[in-house]
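Report on one structure; see the data block that follows.
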């Protein structure tokens, strides 16, 4: 069964592998973060279409990000990253201004330190930073003669479920609530899910989560209902700058390659594709990204691997352990003497 | 914004009693999104680690009961059968109660997925349950019914039932290790080779502990031996977990998970030593040793569980090893 | 500049991103680094309110380096015209133009005229509010003799020609000066100049985008003038890819100016008559003038058709088409004046709020609320409950004790309004396109459209006055109010038909304003919208897909005037009618066919050849020559120099904002010398040099919008999906200011002005940067203004910080720049707040007169412009 | 056949007999999922509309089912917006269908401490009476120089930038006929 890469490695036809015959081409998202203007239309359009509840009205202090992360009630999440470095040949106009050291480090520290004591360590979307009650950092700019900031860029990026070729959430789901659709996407069926929570830990991207008041797991469906009527997902449709592009995955990959080359040529050498490679740890993502920094800066794992990769090995180890237990249990009675 | 070198992990800001203070140690070098976790912490709370224990206990007990039955140790068999079934009932309750939608527990039977340890575990439980129940029922028959025809039939069925449960018990004891390993939780996934041994060892030790506690010293020899063997396996495997290379191991060796597992180690070791020594003579000592083994097993499960939770809350456990892996690959490739 | 397009107009910004992808360079010049800056090639941090200094520097750069598009400038602008010898520039008068009267703080503009015809001198005190620019509609005032000969020098060498005057006026706007005033390093400034000029000319054009970052200033109109001068000099007006784009903030704010709910205008930018207009003829002479060029020449047709629409059969040639029925203006009747009159009591008794929330959304919210608390009655119509309807129970003044519910006499009616899907009608978007909305569903409960409400109100009023013999009731009784109905409300399409215009002889709609007559045979509610119902078809309802039409998309909606996309597009061709370049062709003269043709609807008489010379004595449309591309202007030219029409000078001049930490480095005149100040105890101003104690409010403050919210928040704070995206009021500060004031990220701080103090969470970010201005460091802070005391997310009202001081041309308040202090921690609550702010005023030595001594140029007496007989200052 | 149908409804059976032995796709699909479609496709009608927030003028399509708005999204045919909407535009459905929408006329009498409900017709009559009263109290025939004013300063209005052109037209027309001048909107704010 592993020979055909059902569990790991490049897989050209995940829908077919999941038993869909005569299925449409695999579709996906290509999110080009270099044109994202951080408007969050994707978040709202997604919520409107899918009737997702509001997920907490908290000021997070993460630049303009008040969503925090993806979760059961946020299927799109726009990240905002403020950095001391230039974007390609862009000039933030800081040279010759009477500026001191940057505050990006310190503001991030405030948020991070506070999240550390938050519920679930900040693993909940919308978790408000908790007041620590003691000074956690030096006042920004009060620094010790550190150098003046000269560069700045503000990155925005709309995150979403990756719809992995090998989806950890789907593989571990014990009810079949999560399934692979004919479009090659990964969808939770709310009529089936019993809220076991296994998928939450199965996802190497931290995407899917359980909604506390509802008990079921939720995540992006790539608007399965719209897809079935030949429409594009709500987020991609709304996106004002076409940062979120939807289409057959093969086409998107070609488009992404062209865009990457174009950006490199334009001097944005830091541009990189994430999740595009079918040889990666999840067999390539159905939703992949063009990033302007390393993935972890946006909250992505740099090299995710589907846990199922080691399925066989794990069962083997368990088998050995089980056999050993059986053997040991038998052995302890073999002493013969009743004592 | 990216926190360059601002991971929680390795900031030295957390000492062993869990309090935090300002770090004076150089910050680790990795970047993250405002220190937010990359992964979602498991939604499971105490019920799942509790189930890990009760499931293991049930399995260990069933094995012991079957052996005792075959070797005519009625008290030990009785303790194992009833204890095993009792633990199974508690397990079932814990599993169902932990669901977000408990009324949909039967959806677990929709599919049989080899890729889902929970699905496999469900089917193992389904297969294991009747045997365990039958065997326990036979033990629990009121005196008046024992002689009746149904009573006699039931007692005749008890042995095969107990044996069937015992045959499935090792699966029950070990699948939970795969259940945890088959996740993106760094501490669990990384320990995927050792965890089955920790868990089966722990299952054996807890089953044995129950036997030592409930059965008379005279019948409890196999329980003591199983306790020693199980404890040894658990201790060794657990130590191996602690010695794995890489950052993720720190999830086990620091903080609360470390304290839980350390306590578990002491109790298990103590229980095993008791089993080897005093428990052979003293019922009280046997009971104490049994309790120590049981407690050790409980703490082991909670410690392991919490190590996993901790490893999801700190992005360092995700980012750093993956970065290192990428770097190594780049080096190897080029 | 002055626009945060990516945040305030995200969907429009797709076209900027597209242009960028095609190689366009994007510059963002703004006090803040915004989501727009994040995608600009170059961000330029500028001190708020100094845009004229910056643009003046650009103009100076163009003129000193001869980088203007000379052929365009000579042919299409008034650069060659000579000015009157009486004209004196700011160069001569320390920042003032000739004609200034410090007593009234107003200009007599007569000396700003062209050289041909001398104008009669008028005393300034009459001018400020009697012959003020707001009275001229869009045509502006007329210039005597414009259609005849104006002295000119095509070589642009004459010292009194506009070109040379311009050169001299801006000669002191050097890069050094730009750096000292705006805080923009010289090199950066020159980079902008370079890019702007290199990307303009025959082959290339540059577009300029602004929004309320330009308009909400005491010199706002002149900001836009300055931008226009740059664009005219570079030949960027009337050409594809060029232009000045005003991005407007509300669905139909353009429409509500075209079909105005504004005191000084009638539909189509016809001025509201004032006390000097004794009859229709005097009025029309004021609009079209004698001997003026251009399409205002037909103003009689526009006005008579409007009066006929208003009063139908009652309007006849004999009774001047009921011109008499129109009320007359005689001064500032703008919203802030009205609110102050409410506060003062006894003048305004009833107030309608129609989808507007001034308790949060207007400057000086406290004044707004106190005004509303002093009315007989208030009608609020909105989708949801808003602060302006509930001030009597939850205004901040309840907490301070200034409003007591049980003693607040205002009777309040709240009417739920129908939403945009529950009624049909048109919105006019920011580029003048009317788009029709179909009704999707019926409103529920008591929800009704404004159309229903006002129609019903009119019906009831007419019923009540039926039989009245009172002459003052005639206008209402004679009012044509018999629109076709759909159910119980007037048919919006029938109203639109009447706005378009109907030929009474045929009963059919007219095809455009060229069909309108001054003889009472046509009705037309808004002449510039004429054509929207041409051929009895609702043109605004057209929705021909963009996939089926060309790049000018002429069949989607309808754009005024006459479905034309680029105004003054005659200028896209050279004087001979040939496109300036193949790459930038838009409209051109087809000599064979004898007509103007091209991709857009030509903004010129179709058959008037480029070499046409108007006969002597012609006026109006006929007087336009074949190369008079600016067909609405009195002289057919683009105005580098505005010989009339502006209250504060013919050329943009850098004045410091009303509240500024800086002395004006260019002139003795500190601020706009004719800005509208309202010197009242309840409207204090923070001191600005040369007044003392400006250091009490050391920081520059600006207010702005967020993508996630809409203005006063009634349409966003109440929606969970939007509220969660921007959940709390914050103040953004630079790391440097945070260090200076001890502010910590996410902690509380409060911002103080002489009006009040408001709480906000601190956001420390590198996006804010201090500036070095004339050798000292100036910090700027900003706050979004969307919050109020109700909704899913609540916060203090930022507009409460802002006082009322206005541009003298259009009476828009200066809310984009003021001074403030920022302190860590929360503000005092209740009455202690009043004491706290009073203490600031004491320390800054603020009195009613602060900020009202507006003439500061050398030699002038300093007269405070305060309102007499005001009650004592509170607290 | 009953048994067969019953068995077919059991995904394990489908796993064993169908194309999806691992139970991760076709076999796991529920009946609901198999019948899923978009609510826009099943709407009764679609109205062409325009976004009510800023002035870009993005075209919207309003989907109606059972006389309720079930979805509002961009119209791809628009040359202005190409079907796209910003977060506010995307929240339009919540704007028009949310619980924040008021349904009834509310009235707060002078010195009152709470809202009262009022019949729409009564409220309209009350407003009409008050308009005439305020108009009378603020009436000015002439200025101090005897020049004709023919106006009332007793009435004012603010709003219009969110209204339709047709509505603004009637507002201006009615107020002008009443002699009321102080008619203003956001354009001056």
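Residue numbers (UniProt numbering), protein chains in the order written: chain A, 1 to 339; chain B, 1 to 334; chain C, 1 to 875; chain D, 1 to 189. Just so you know, even glycine gets a beta-carbon here, dropped at the ideal spot from N, CA and C.
With the cut-off set at 8 Å, would you say residue i and residue j are in Cβ contact?
i	j	result
residue 328 (chain C)	residue 774 (chain C)	no
residue 54 (chain D)	residue 207 (chain C)	no
residue 90 (chain C)	residue 653 (chain C)	yes
residue 281 (chain A)	residue 306 (chain A)	yes
residue 604 (chain C)	residue 78 (chain C)	no
residue 143 (chain B)	residue 212 (chain B)	no
residue 856 (chain C)	residue 718 (chain C)	no
residue 217 (chain C)	residue 807 (chain C)	yes
residue 475 (chain C)	residue 179 (chain D)	yes
With a threshold of 6 Å on Cβ separation, who are the neighbours of residue i within its own chain once the five nearest residues in sequence on each side are excluded?
i	result
residue 710 (chain C)	716
residue 193 (chain A)	177, 216 and 217
residue 602 (chain C)	587 and 596
Return the first residue and the last residue of the alpha helix (DSSP H) that residue i is part of.
i	result
residue 234 (chain B)	221-242
residue 158 (chain A)	Element bounds for residue 158 (chain A): not the alpha helix (DSSP H) but the beta strand (DSSP E), 153-160.
residue 257 (chain C)	255-258
residue 166 (chain D)	165-178
Note down the Cα distance separating residue i from residue j, rounded to an integer number of angstroms.
i	j	result
residue 831 (chain C)	residue 796 (chain C)	16 Å
residue 71 (chain B)	residue 108 (chain B)	37 Å
residue 696 (chain C)	residue 660 (chain C)	11 Å
residue 846 (chain C)	residue 342 (chain C)	24 Å
residue 282 (chain B)	residue 216 (chain B)	9 Å
residue 97 (chain B)	residue 238 (chain B)	29 Å
residue 731 (chain C)	residue 749 (chain C)	8 Å
residue 100 (chain B)	residue 485 (chain C)	56 Å
residue 657 (chain C)	residue 157 (chain D)	29 Å
residue 52 (chain C)	residue 567 (chain C)	24 Å
Quick one: measure Cβ to Cβ for residue i and residue j, integer angstroms, because I've assumed they're closer than 8 Å.
i	j	result
residue 120 (chain A)	residue 15 (chain A)	Residue 120 (chain A) to residue 15 (chain A), Cβ: 34 Å. No contact.
residue 326 (chain B)	residue 303 (chain A)	5 Å
residue 674 (chain C)	residue 648 (chain C)	5 Å
residue 780 (chain C)	residue 721 (chain C)	At roughly 31 Å, the Cβ-Cβ gap does not stay under 8 Å, so residue 780 (chain C) and residue 721 (chain C) are not in contact.
residue 376 (chain C)	residue 349 (chain C)	4 Å
residue 77 (chain B)	residue 68 (chain B)	4 Å
Given residue i, which residues of its chain have a CB within under 7 Å of its CB, disregarding the five upstream and five downstream residues?
i	result
residue 186 (chain D)	161
residue 14 (chain C)	none
residue 195 (chain C)	25 and 27
residue 64 (chain B)	76, 80, 207, 208, 211, 222, 223 and 226
With respect to the beta strand (DSSP E) encompassing residue i, which residues constitute its N-terminal and C-terminal limits?
i	result
residue 65 (chain D)	59-65
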